[in-house]
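Report on the following structure.
Protein chains: 2
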Amino acid sequence: MEVVNKSLSEQILEILRERITGFKLKPGTRINIDELAREFKVSKTPVRDALNKLIEKNLVEVNPRVGYYVKNLTKKEIEEICELRRVLETYALRKANFNNSDKEKLKALMQKIDQAERVYKKKGDRHLFDETDRELHGMIIQKSENRYLKKVFLQLFDLINLLQHTHQRVMSSIEEHRKLIRAILDGNYEDAQKILIDHLSKVEAGSIEVLTLMREKPLSSSASLKKVKAAK
Amino acid sequence: MEVVNKSLSEQILEILRERITGFKLKPGTRINIDELAREFKVSKTPVRDALNKLIEKNLVEVNPRVGYYVKNLTKKEIEEICELRRVLETYALRKANFNNSDKEKLKALMQKIDQAERVYKKKGDRHLFDETDRELHGMIIQKSENRYLKKVFLQLFDLINLLQHTHQRVMSSIEEHRKLIRAILDGNYEDAQKILIDHLSKVEAGSIEVLTLMREKPLSSSASLKKVKAAK
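Chains as they are written, first to last, in the UniProt record's numbering: chain A, 1 to 232; chain B, 1 to 232.
Have a look at this one:
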């Protein structure tokens, strides 16, 4: 029974994690355990186990008398996450040594970014953009060649993903990514550093803007999220 | 039963963690599950659970066919741990804003360091020195005022503790700590940065020296450890 339970709670954890970091379950939304147990056709125990693991990952918070909620990050928390990300990522870039095989990968990524831009312009679908985003930043972290730094970054990754979905800076991010890749390909590492810091600061500002608006007017449906986006 | 088991394995985890980070169980030592189960008067399950959690914490490694061992860090791993530590700690110091209450704490710490020096000189007991070490570096990390950075540092802490016990730089570390505190108290933050970087690099070099020697001649008794120390 223990093994089955564990695997159930892990599956539920994965589904909820994707809904939260993918911004389908919005920050501040109350999580109804009974409803989830019915949806997944399981008892409440594995749902509760999954939620407790999500608390450790900072994606869910609990109000002891009231219940579980999707984590609603404060401005200060967003700043702290982005600050640590900036420290790790700029360090990795400063240390990075891009060889020819890395440069080939970056050129291929540049083409994928062009494609992501076309898809986003045509259908408003940011899926491919998100993929290129993860690939570029992941590659920079890889270049740190420090397994402990990579591990720490991976732990932050859910939160970074969540923040990424909050901001609507797709077109500007695409341009910033292109500038960053061009600087690396040209060997202008000092420029690359500046472009990266500037890009990460803008991502931070974008997240704070959206999430602060959401904190002021807690939302539970995607209809009201659209209002927030429109208000921007 | 599940609750009792959990608490048993957590207790065993704590005991083994202390033995490893306190350098009583030396790197490379084989861990005998049967022996530990007899010592703690428990079944093998909670011992194995504790060891598996210690693997996650990078303090134990497993060789699937042979068994569990106290983690024997490679030179590259020590460099990576120390590098990440340096990135986090120098960032925290750069950002730190020491107010009057912090300065009072640093003055009190300076007196404790004097005391630690006397105890170490008289009895060779480094317990008090280790305490002042943790207090000073912990205070710098606190001043980052970033809960995610603190969390990451805390995760590294067992490994930092382990490395700290490997090097025999007590007297030099005491002097370096004094210089660092003096620079902060004098408001020479640029000097403080340089002193911190220099200190952490020396700690790294000291750990690499001892642990590399130990890797070359795997040890299991403290008698043979003394030989390594003498060889230095």
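Cβ coordinates follow ideal geometry from the N, Cα and C atoms, glycine included.
### Query
If you drop the 5 nearest sequence neighbours on each side, which residues of the same chain put their C-beta closer than 7 Å to that of Ser222 (chain B)?
Within the second sequence, the letter at position 222 stands for residue 222 (chain B). Because Ser222 (chain B) carries a pLDDT of 42, less than 50, the predicted location of this residue cannot be relied on, and no value is offered for it.
### Query
First and last residue of the beta strand (DSSP E) that includes Val152 (chain A)?
Residue 152 (chain A) sits at position 152 when you count from the first residue of the first sequence. Careful: Val152 (chain A) lies outside any beta strand (DSSP E), inside the alpha helix (DSSP H) at 147 to 166.
### Task
Any chance you could list the beta strand (DSSP E) runs of at least 3 consecutive residues sitting entirely within the stretch 7 to 82 of chain B, in chain order?
60 to 63, 67 to 70
### Message
Along the chain, where does the alpha helix (DSSP H) containing Asp133 (chain A) start, and where does it finish?
### Response
Position 133 of the first sequence, counted from the start, is the residue given in the question as residue 133 (chain A). Taken as a continuous stretch (DSSP letters only), the alpha helix (DSSP H) holding Asp133 (chain A) covers 127 to 142.
### Message
Using the three-state DSSP reduction, which class does Arg169 (chain A) fall into: helix, strand or coil?
### Response
For the purposes of this step, residue 169 (chain A) is taken as residue 169 along the first sequence, with counting starting at 1. Three-state result, Arg169 (chain A): coil.
### Query
By how many angstroms is the C-alpha of Lys105 (chain A) removed from the C-alpha of Glu131 (chain A)?
Within the first sequence, residue 131 (chain A) is the residue found at index 131, counting from 1. Within the first sequence, residue 105 (chain A) is the residue found at index 105, counting from 1. Approximately 14 Å between the Cα atoms of the pair.
### Message
Tell me the rounded alpha-carbon separation between Glu80 (chain B) and Lys150 (chain A).
### Response
The residue you call residue 80 (chain B) lines up with position 80 of the second sequence. The residue you call residue 150 (chain A) lines up with position 150 of the first sequence. Those two C-alpha atoms are separated by around 10 Å.
### Query
Skipping 5 residues on each side, what residues in its chain have a beta carbon closer than 8 Å to that of Arg169 (chain A)?
Sequence index remark: in the first sequence, residue 169 (chain A) carries index 169 (1-based). Only Lys202, Val203, Gly206 meet the Cβ criterion.
#### Entry: At least three beta-carbon pairs within less than 8 Å, the stretch 141 to 149 of chain B to the stretch 105 to 117 of chain B
no
### Task
Note the first and the last residue of the continuous alpha helix (DSSP H) segment covering Asn100 (chain A).
Walking along the first sequence from the start, residue 100 (chain A) turns up at place 100. 100 to 123 is the span of the alpha helix (DSSP H), which, as asked, contains Asn100 (chain A).
### Query
For Ile195 (chain B), which residues from the same chain have a beta carbon less than 7 Å from its beta carbon, with the 5 sequence-adjacent residues on both sides left out?
As a first step, residue 195 (chain B) is located in the second sequence; it is residue number 195 there, counting from the start. Result list for Ile195 (chain B): Glu176, Lys179, Leu180, Ala183, in chain order.
### Task
Evaluate Pro64 (chain A) with the Cβ neighbour count: other Cβ atoms within 10 Å of its Cβ, from every protein chain shown; 16 or more gives buried, anything less gives exposed.
Taking the first residue of the first sequence as 1, we reach residue 64 (chain A) at position 64. Classification of Pro64 (chain A): exposed, given that the 10 Å Cβ count is below 16.
### Option nearest Val60 (chain A) by Cα separation, candidates A:Ile78, A:Ser43, A:Leu25, A:Glu83
Residue 60 (chain A) sits at position 60 when you count from the first residue of the first sequence. Of the listed residues, the one whose Cα sits closest to Val60 (chain A) is A:Leu25.
#### Entry: Pick from B:Lys53, B:Thr74, B:Arg30, B:Arg48 that is closest to Leu213 (chain B), judged by C-alpha positions
One-based indexing of the second sequence puts residue 213 (chain B) at position 213. Closest option to Leu213 (chain B), Cα to Cα, is B:Thr74.
### Message
Report the CB separation of residue 233 (chain A) from His165 (chain A) in whole angstroms; it is logged as a contact under 8 Å.
### Response
No statement about residue 233 (chain A) is possible, as the shown extent of chain A runs from 1 to 232 and does not include it.
### Task
Work out the CA separation of Leu93 (chain A) and Ser172 (chain A) for me, nearest whole Å.
Position 172 of the first sequence, counted from the start, is the residue given in the question as residue 172 (chain A). Position 93 of the first sequence, counted from the start, is the residue given in the question as residue 93 (chain A). Taking the straight line joining both Cα atoms gives about 21 Å.
### Message
Against chain B, does Arg48 (chain A) count as a neighbour if the rule is that its beta carbon must be under 8 Å from one of theirs?
### Response
On the first sequence, residue 48 (chain A) is found 48 positions in, with the first residue counted as 1. Closer than 8 Å: no.
### Query
Arg147 (chain B) versus chain A: which residues are under 7 Å apart at the beta carbon?
Against the second sequence, residue 147 (chain B) aligns to sequence position 147. What Arg147 (chain B) touches in chain A: Glu80.
### Member of A:Leu211, A:Leu136, A:His127, A:Glu190 whose CA lies at the smallest distance from the CA of Leu159 (chain A)
In the first sequence, counting from the first residue as 1, residue 159 (chain A) sits at position 159. The option with the nearest alpha carbon to Leu159 (chain A) is A:Leu211.
#### Entry: Neighbouring residues, chain A, relative to Leu156 (chain B) (Cβ below 9 Å)
The sequence position of residue 156 (chain B) within the second sequence is 156, counting from 1. Residues of chain A passing the Cβ test: Tyr148, Val152.
#### Entry: CA-to-CA distance, Leu54 (chain B) to Leu163 (chain B), given in whole angstroms
Translated into positions along the second sequence, residue 163 (chain B) becomes position 163. Translated into positions along the second sequence, residue 54 (chain B) becomes position 54. About 16 Å.
### Query
Would you say Tyr120 (chain A) faces chain B, with C-beta separation under 8 Å as the test?
Walking along the first sequence from the start, residue 120 (chain A) turns up at place 120. So no, Tyr120 (chain A) is outside the interface.
### Message
So Leu84 (chain B) contacts chain A; which residues on that side make the cut at Cβ distance below 8 Å?
### Response
Locating residue 84 (chain B) in the second sequence gives position 84, counting from the first residue. Simply Asn146, Tyr148, Leu149, Val152.
### Query
What does Tyr91 (chain A) reach in chain B if we use C-beta pairs closer than 7 Å?
Your numbering for residue 91 (chain A) matches position 91 in the first sequence. Residues of chain B passing the Cβ test: Val87.
### Environment of Arg38 (chain A) [buried if 16+ CB atoms lie within 10 Å]
As a position in the first sequence, residue 38 (chain A) is number 38, starting the count at 1. Exposed, because fewer than 16 other Cβ atoms sit within 10 Å of the Cβ of Arg38 (chain A).
### Query
Any idea if Lys44 (chain A) is buried or exposed, counting beta-carbon neighbours within 10 angstroms, 16 or more meaning buried?
Position 44 of the first sequence holds residue 44 (chain A). The residue is exposed, with fewer than 16 neighbouring Cβ atoms inside 10 Å.
### Query
Grouping DSSP H, G and I as helix and E and B as strand, with all else coil, what is Thr212 (chain A)?
Here residue 212 (chain A) corresponds to residue number 212 of the first sequence, with the count starting at 1. In this structure, Thr212 (chain A) counts as helix in the three-state DSSP scheme.
### Query
Buried or exposed: where does Asn99 (chain B) fall if 16 or more other Cβ atoms within 10 Å of its Cβ makes it buried?
As a first step, residue 99 (chain B) is located in the second sequence; it is residue number 99 there, counting from the start. That one is exposed.
### Message
Is the beta carbon of Val119 (chain B) closer than 8 Å to that of Val87 (chain A)?
### Response
In the first sequence, the residue the question calls residue 87 (chain A) occupies position 87. In the second sequence, the residue the question calls residue 119 (chain B) occupies position 119. Not in contact: Val87 (chain A) and Val119 (chain B) (Cβ atoms no closer than 8 Å).
### Query
When you compare only the Cα positions, how much space is there between Val62 (chain A) and Ala50 (chain A)?
Translated into positions along the first sequence, residue 62 (chain A) becomes position 62. Translated into positions along the first sequence, residue 50 (chain A) becomes position 50. Those two C-alpha atoms are separated by around 13 Å.
### Query
With C-beta atoms as the reference, is Ile78 (chain A) less than 8 Å away from Phe40 (chain A)?
For the purposes of this step, residue 78 (chain A) is identified with residue 78 of the first sequence, where counting begins at 1. For the purposes of this step, residue 40 (chain A) is identified with residue 40 of the first sequence, where counting begins at 1. The answer is no: Cβ separation not under 8 Å.
### Query
Using CA coordinates, which residue listed in B:Lys123, B:Asn72, B:Phe157, B:Glu10 is at the minimum distance from Glu89 (chain B)?
The residue given as residue 89 (chain B) occupies position 89 in the second sequence. Out of B:Lys123, B:Asn72, B:Phe157, B:Glu10, B:Phe157 has the C-alpha closest to the C-alpha of Glu89 (chain B).
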